[in-house]
Amino acid sequence: MSSAGASSRRSRERSTSRSRSASPKLAAIVDRYDIPEDTAVRMCTVVPAPRRPAMSADELFSGPGGDVNTDLLLQHLRTEGRLSLEAASQLLETAREVLSREPNCVPLEAPMHIVGDIHGQFYDLLHMFDSLGLPPKRKYLFLGDYVDRGIYSTEVAILLLGLKIRYPEHVTLIRGNHESRAMAAYHSMKTETLYKYSETTYNEFMEAFDALPVAATVAGPAGTFLCVHGGLSPAVNTIEAINALARFGEVPASGPLCDLMWSDPVPDATATGLSGSQLRQWKEITFEFNEQRGCSYRYGRRAVRDFLTANGLVGIIRAHEVQENGYNEHRFREEAEDDPLSPFPLVTTVFSAPNYCEMYDNSAAVALYDGTTLEFVSYECVEHPFGLPDYMDSLNWSLPYVMEKVTQFFAVSLKLIEGDSDSDSDDDEPMQTDAGPASPVSRKASAKALRDAARAAAARKRANQKAAAEAPEPATAPDTAASEPPASSAAASAAGTPGSSADDASAPEGDDAAAFRSRTSRVRTRKRPAMRQRSSSNICNETIRTRRASMNTLLRRAEKLRERNMRLLVAANDDDDDDDDDAADDTLSRFERALRKDSKREYLRPLQRHYTM
Numbered sequence: 086m087s088s089a090g091a092s093s094r095r096s097r098e099r100s101t102s103r104s105r106s107a108s109p110k111l112a113a114i115v116d117r118y119d120i121p122e123d124t125a126v127r128m129c130t131v132v133p134a135p136r137r138p139a140m141s142a143d144e145l146f147s148g149p150g151g152d153v154n155t156d157l158l159l160q161h162l163r164t165e166g167r168l169s170l171e172a173a174s175q176l177l178e179t180a181r182e183v184l185s186r187e188p189n190c191v192p193l194e195a196p197m198h199i200v201g202d203i204h205g206q207f208y209d210l211l212h213m214f215d216s217l218g219l220p221p222k223r224k225y226l227f228l229g230d231y232v233d234r235g236i237y238s239t240e241v242a243i244l245l246l247g248l249k250i251r252y253p254e255h256v257t258l259i260r261g262n263h264e265s266r267a268m269a270a271y272h273s274m275k276t277e278t279l280y281k282y283s284e285t286t287y288n289e290f291m292e293a294f295d296a297l298p299v300a301a302t303v304a305g306p307a308g309t310f311l312c313v314h315g316g317l318s319p320a321v322n323t324i325e326a327i328n329a330l331a332r333f334g335e336v337p338a339s340g341p342l343c344d345l346m347w348s349d350p351v352p353d354a355t356a357t358g359l360s361g362s363q364l365r366q367w368k369e370i371t372f373e374f375n376e377q378r379g380c381s382y383r384y385g386r387r388a389v390r391d392f393l394t395a396n397g398l399v400g401i402i403r404a405h406e407v408q409e410n411g412y413n414e415h416r417f418r419e420e421a422e423d424d425p426l427s428p429f430p431l432v433t434t435v436f437s438a439p440n441y442c443e444m445y446d447n448s449a450a451v452a453l454y455d456g457t458t459l460e461f462v463s464y465e466c467v468e469h470p471f472g473l474p475d476y477m478d479s480l481n482w483s484l485p486y487v488m489e490k491v492t493q494f495f496a497v498s499l500k501l502i503e504g505d506s507d508s509d510s511d512d513d514e515p516m517q518t519d520a521g522p523a524s525p526v527s528r529k530a531s532a533k534a535l536r537d538a539a540r541a542a543a544a545r546k547r548a549n550q551k552a553a554a555e556a557p558e559p560a561t562a563p564d565t566a567a568s569e570p571p572a573s574s575a576a577a578s579a580a581g582t583p584g585s586s587a588d589d590a591s592a593p594e595g596d597d598a599a600a601f602r603s604r605t606s607r608v609r610t611r612k613r614p615a616m617r618q619r620s621s622s623n624i625c626n627e628t629i630r631t632r633r634a635s636m637n638t639l640l641r642r643a644e645k646l647r648e649r650n651m652r653l654l655v656a657a658n659d660d661d662d663d664d665d666d667d668a669a670d671d672t673l674s675r676f677e678r679a680l681r682k683d684s685k686r687e688y689l690r691p692l693q694r695h696y697t698m
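Residues in the sequence shown are numbered from 86 upward in steps of one, following the working numbering.
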């Protein structure tokens, strides 16, 4: 074991022993889930810890002769490091100058590794370099679409441009449809650059992309391939016509530059089931509108053969479309009797972004043309640091979910408060404590409503306290109210009305009335400390006062309901004494309905045993 590993293990053991002595519960959680408590130990050991300081221009251009130090740059970007704004600006300006000196169609010689779309998947690009080797050990041709969709577009572009500056003869970059302002603004490149760097840096990226060549040729003993991002254009028939295009600037929405980056071959699957004259007609397709993309064309077998024949080429290698295995050979249903131009497929698609968008589960591939054969090297995706959508931090990501729950809590609290204020009449419906599928409430409106409700509750409490202080205390009212039910109950017992047995008395009698008041008082004193305990963790003092005021309201209402039920029971006994059976039955029915309604009020359940029949 290395000294660093041993030190890390000892540090973790010391940290664990401290946590066990401080908190046995925490130690149990740490042991159960194998959580490293030493903050220097990373949970994800595959990805190195991010490097905090930005790389300066002096560090970046510390290579031989003041060139780009690609080894240092690669390691810095691998650990999620960034460049200083000055270093990024100097790198992009130098790359633009180097790219501007190249023709529209760059002539290259085999052997050559040909790489398709990367789309911001920086760690998969590093995996490819680790497997195949870095320049100048290998020669690479990249077919565009370096940015967008992946979350490391700037890292991919900076590394490739740095390699281009350092090894211009071993690295060739051509332009894809995503190296444009329209696509960068629509997808993620602009958002990422503004987050990691600045708007000035974004504009410098776009100016460097404007200088990218649009095609390349790779020659070998077996023939020459045209390499382009998308494909052919009806307005371009020769390599010389490609070199004559004005490439510097934004990619247009139509025209030959657009076609070179946006066009696709006619899929072989469209010929399924065709035979005879229909198949011959399908093979004669030149160009048709590309409905899937909404721009440019699809080019068919006839257009490809005509272009290859006119320019002495053996095939086209392009990117632009995701492939399950990382590559696809488009032969346009050519059989032996068709007199194929070469043993190579007419069009070959290469795609080098494995598990594209982290959802396609596709392999990636790199084409290797050694001058005589065309082979493919496949590879899979690797782990990379986790990133939140739109480059959000954890606080901004979780805040909407927290606010949603807080809003729901406020909505329920407000409904409870409104229910308390509206439930003073005896015939109110039971309170509903479930907010139900309430419509979304804005955060500011919820907070304002809560403050207003808290102020109103506090004002009601002060008014009640003032009224209670000014009112004289009744001396005999409670005893009178408590002594009425026994007399009525005795009368009801003599008449033989329901509920007149001694074992099932409808109200407390004699000393039981004092016991009843004592039990009711104990219920109140039991509830108040519990309410204080629950309210102690609430978010503000206004909420605490609101909850206490609500509890006082509930207790007052419980007392009012008890007195109402007693009055109904007395009225029922009086009606029975007057031999008015219908009136007595009606009063008893009202009493039973009142009890059933009270049984639905959860806050009255501790008191119901004192006055139910």
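The beta-carbon is built from N, C-alpha and C at its ideal position, and this holds for glycine as well.
Cutoff 6 Å; reference residue i; Cβ partners in own chain excluding five residues on either side
i: P781; result: The question about residue 781 has no answer here: the residues shown for the chain are numbered 86 through 698.
i: S381; result: C343, D344, W347, S348 and N375
i: R251; result: D152, V153 and T155
i: V321; result: I327 and P341
i: E171; result: A142
i: L246; result: A180
i: N410; result: S448
Nonlocal neighbours in the same chain, by C-beta distance under 7 Å from residue i, ignoring five residues either side
i: Y445; result: V407
i: M268; result: D233 and N262
Beta-carbon proximity of residue i to residue j, cut-off 9 Å
i: L145; j: K249; result: no
i: N413; j: T434; result: yes
i: G201; j: V451; result: yes
i: E194; j: A307; result: no
i: G385; j: I236; result: no
i: A404; j: H314; result: yes
i: N440; j: I324; result: no
i: V241; j: L210; result: yes
i: L177; j: E264; result: no
i: L226; j: A301; result: yes
i: E369; j: R387; result: yes
i: R416; j: L364; result: no
i: I243; j: L162; result: yes
i: P192; j: Y454; result: no
i: C442; j: V299; result: no
i: Y208; j: V467; result: yes
i: I402; j: L311; result: yes
DSSP-derived helix/strand/coil call for residue i
i: V256; result: strand
i: I199; result: strand
i: A267; result: helix
i: A139; result: coil
i: N481; result: helix
i: T276; result: helix
i: A307; result: coil
i: T239; result: helix
i: N413; result: strand
i: T155; result: helix
i: F436; result: strand
i: N396; result: helix
i: S463; result: strand
i: H331; result: At residue 331 the sequence reads Ala, which differs from the His that was named. A331: coil per DSSP, three-state reduction.
i: L426; result: coil
i: V389; result: helix
i: L168; result: strand
i: A338; result: coil
i: V407; result: coil
i: S498; result: helix
Own chain, CB closer than 8 Å to residue i, minus 5 neighbours either side, in chain order
i: G334; result: D295
i: E465; result: P439, N440, S448 and A449
i: R652; result: none
i: R390; result: L426 and L431
i: T276; result: D475 and Y476
First and last residue of the uninterrupted beta strand (DSSP E) at residue i
i: F374; result: F372 to F374
i: Y225; result: Y225 to F227
i: Y384; result: Y382 to Y384
i: Y282; result: From DSSP, Y282 is part of no beta strand (DSSP E); its letter is neither H nor E.
i: E194; result: C190 to E194
Bounding residues of the alpha helix (DSSP H) (the contiguous stretch that carries residue i)
i: C343; result: P341 to W347
i: V351; result: Element bounds for V351: n/a, residue is neither H nor E.
i: Y208; result: F207 to L217
i: L297; result: Careful: L297 lies outside any alpha helix (DSSP H) and carries neither H nor E.
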